[in-house]
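Each residue of the sequence shown is one higher than the last, beginning at 444 in my numbering.
Beta carbons are placed, not taken as given, at the ideal position from N, Cα and C, and that holds for glycine.
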Amino acid sequence: MKRVKILMVLMVISCITIQAQDAHFSRFDHIPTYINPALTGVFNGDQRGIVNYRNQWASVASPFKTYSLSFDTRIRNKNSKNFQFGVGAFIYKDVAGDLDFGITSASGLVSGILKINNNQKLIVGVRGAFEQRSLDNSKMIWDAQYDGTGYNSSLSSGELTNYGSPFNFFDMGTGVSWVYGKSQSTISSNDEFYAIVGASLNHILKPDLKYFQQENLYRNLNIYSKVNIGISNSHYSVVPSLLVQFQGPNTEIMAGGMFRYRIKEESKYTGFFKESAVSVGAYLRYKDAIIPSLSYEIANWQLVFSYDYNISDLQNVSRGNGGFEVSLIFINPNPFKYGKGSAKFI
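(1) Determine, using beta carbons only, whether N520 and L557 come nearer to each other than 8 Å.
(2) In its own chain, which residues sit with a C-beta less than 8 Å from the C-beta of A466, not counting the 5 before and 5 after it?
(3) Taking the straight line between their C-alpha atoms, what separation do you get for G673 and V721?
(4) Would you kindly work out how many angstroms separate the C-alpha atoms of I734 and Y637, rounded to a whole number?
(5) Terminal residues of the continuous beta strand (DSSP E) containing P475?
(6) Which residues does DSSP list as the beta-bridge partners of Y729?
(7) Rounding to the nearest angstrom, what Cα-Cα distance links R705 and S626 in this structure?
(8) Expressed to the nearest angstrom, what Euclidean distance is found between the alpha-carbon atoms of L578 and V670?
(9) Among all the DSSP beta bridges, which residues are the ones paired with Y750?
(10) Roughly how many angstroms separate the alpha carbons of F533 and S513, rounded to a whole number?
(11) Just to check my reading of the structure: L727 and L746 have Cβ atoms closer than 8 Å, yes? What is that Cβ distance to the nearest angstrom?
(12) Please confirm whether N639 and S608 have their CB atoms less than 8 Å apart.
(13) Please state the DSSP three-state secondary structure of L685.
(14) Might you give, ordered along the chain, the residues of its own chain that have their beta carbon closer than 8 Å to the beta carbon of P650, omitting 5 neighbours on each side?
(15) Taking the alpha-carbon positions, what's the Y589 to F610 distance?
(16) So which of F528, L737, G616, F767 has the shortest CA-CA distance to D751?
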């Protein structure tokens with residue numbers, strides 16, 4: 444039996460939305476624990492919460508929407524001053540296309556953070572995740588439901604398989620990262636430097652996706668790096684980052700950076716005045732999109748906006764329109780508290 448709309452939509456989903464078969468964000472540096480479980484607890488503060496929202500391809504078809512929420516913190520090891528545990532959780536929901544192809548995932552994260560010296564840390568992390576995949580069966584349209592004059596939803600599709608039945612599976616991932624950080628030498632020197640380099644392997648168990656025939660989810664190898672370079676005795680910093688992903692036959696390369704301007708410094712003794720900064724920059728997803736981005740920071744909070752301008756072959760249909768993305772980040776306590784200028788590992 445011919446499959447008309449379901450095949451068309453799934454083909455679009457496969458080719459455009461989930462080439463890597465995973466949820467997709469452009470500002471990958473704001474989903475650190477999703478990229479690599481070895482980034483759990485690796486930030487300047489005690490608790491971190493991040494909310495992300497992405498809306499893509501609204502100009503082409505039904506919008507593809509992705510929501511995520513993450514939280515992570517560190518647990519101090521009473522028996523060692525040089526070792527801590529990071530723990531966290533990452534939840535996301537992805538809804539794609541006319542059939543509401545859905546991915547719902549909940550992950551638990553644990554990392555071990557080893558302090559090598561005052562400037563370096565080595566981190567190993569693991570992820571355990573429960574996922575559900577689903578389709579909205581009521582939105583499927585089949586050729587058998589055309590009565591000669593048009594589509595008639597009362598006609599039987601003639602299909603024997605209930606494609607809309609959701610299914611669940613358990614999955615795992617692991618990763619390693621290395622962090623180097625140097626605090627600024629004085630309260631106003633702005634010469635801090637930090638670097639993060641890491642790699643992770645996701646979908647270790649290669650779960651079966653189950654649609655149409657047995658199809659295992661490819662393992663996903665990520666290589667990630669981010670650097671902060673403070674320009675001495677100025678209000679400026681440069682923050683480049685890179686993500687390379689390999690999953691099955693697919694490769695994704697993203698690179699770019701932000702130019703940060705410190706508007707106001709945290710007051711040195713009282714903390715009455717909160718540090719604030721604005722950043723502008725852009726990223727490139729190779730052969731797919733140019734992504735301008737803007738962020739604003741004040742004390743504990745950071746708000747980030749970005750937009751994908753499509754440059755792929757789909758541009759003839761999308762007219763350059765890709766998708767917008769927004770992230771809200773909260774770190775407690777204030778990572779700039781009292782102007783101490785400690786290296787900000789996020």
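The answer reads as follows:
(1) Locating residue 520 in the sequence shown gives position 77, counting from the first residue. Locating residue 557 in the sequence shown gives position 114, counting from the first residue. Not closer than 8 Å, so no.
(2) Residue mapping note: residue 466 aligns to position 23 of the sequence shown, counting from 1. Answer for A466: Y477, T509, S511, Y535, D537, I546, S548, listed in chain order.
(3) The residue you call residue 673 lines up with position 230 of the sequence shown. The residue you call residue 721 lines up with position 278 of the sequence shown. About 14 Å.
(4) If you number the sequence shown from 1, residue 734 lands on position 291. If you number the sequence shown from 1, residue 637 lands on position 194. Approximately 24 Å, taken between the alpha carbons.
(5) Translated into the one-based positions of the sequence shown, residue 475 becomes position 32. From DSSP, P475 is part of no beta strand (DSSP E) but of the alpha helix (DSSP H) over 475 to 478.
(6) In the sequence shown, the residue the question calls residue 729 occupies position 286. Paired residues: none, contrary to the question.
(7) One-based indexing of the sequence shown puts residue 705 at position 262. One-based indexing of the sequence shown puts residue 626 at position 183. Cα to Cα, R705 sits roughly 16 Å from S626.
(8) As a first step, residue 578 is located in the sequence shown; it is residue number 135 there, counting from the start. As a first step, residue 670 is located in the sequence shown; it is residue number 227 there, counting from the start. Roughly 40 Å separates the two Cα atoms.
(9) Locating residue 750 in the sequence shown gives position 307, counting from the first residue. Answer by DSSP bridge pairing, in chain order: F767.
(10) The residue you call residue 533 lines up with position 90 of the sequence shown. The residue you call residue 513 lines up with position 70 of the sequence shown. Between F533 and S513, the C-alpha separation is close to 4 Å.
(11) As a first step, residue 727 is located in the sequence shown; it is residue number 284 there, counting from the start. As a first step, residue 746 is located in the sequence shown; it is residue number 303 there, counting from the start. That belief does not hold up - the Cβ atoms of L727 and L746 are roughly 23 Å apart, past 8 Å.
(12) Stepping through the sequence shown from its first residue, residue 639 is reached at position 196. Stepping through the sequence shown from its first residue, residue 608 is reached at position 165. Here residue 639 turns out to be Ile, not Asn, going by the sequence shown. No. Outside cutoff.
(13) Position 242 of the sequence shown holds residue 685. Strand, per DSSP.
(14) In the sequence shown, counting from the first residue as 1, residue 650 sits at position 207. E574, F612, F613, D614, N659, L660.
(15) For the purposes of this step, residue 589 is taken as the residue at position 146 of the sequence shown. For the purposes of this step, residue 610 is taken as the residue at position 167 of the sequence shown. In a straight line, the C-alpha of Y589 is about 30 Å away from that of F610.
(16) Locating residue 751 in the sequence shown gives position 308, where the first residue counts as 1. The option with the nearest alpha carbon to D751 is F767.
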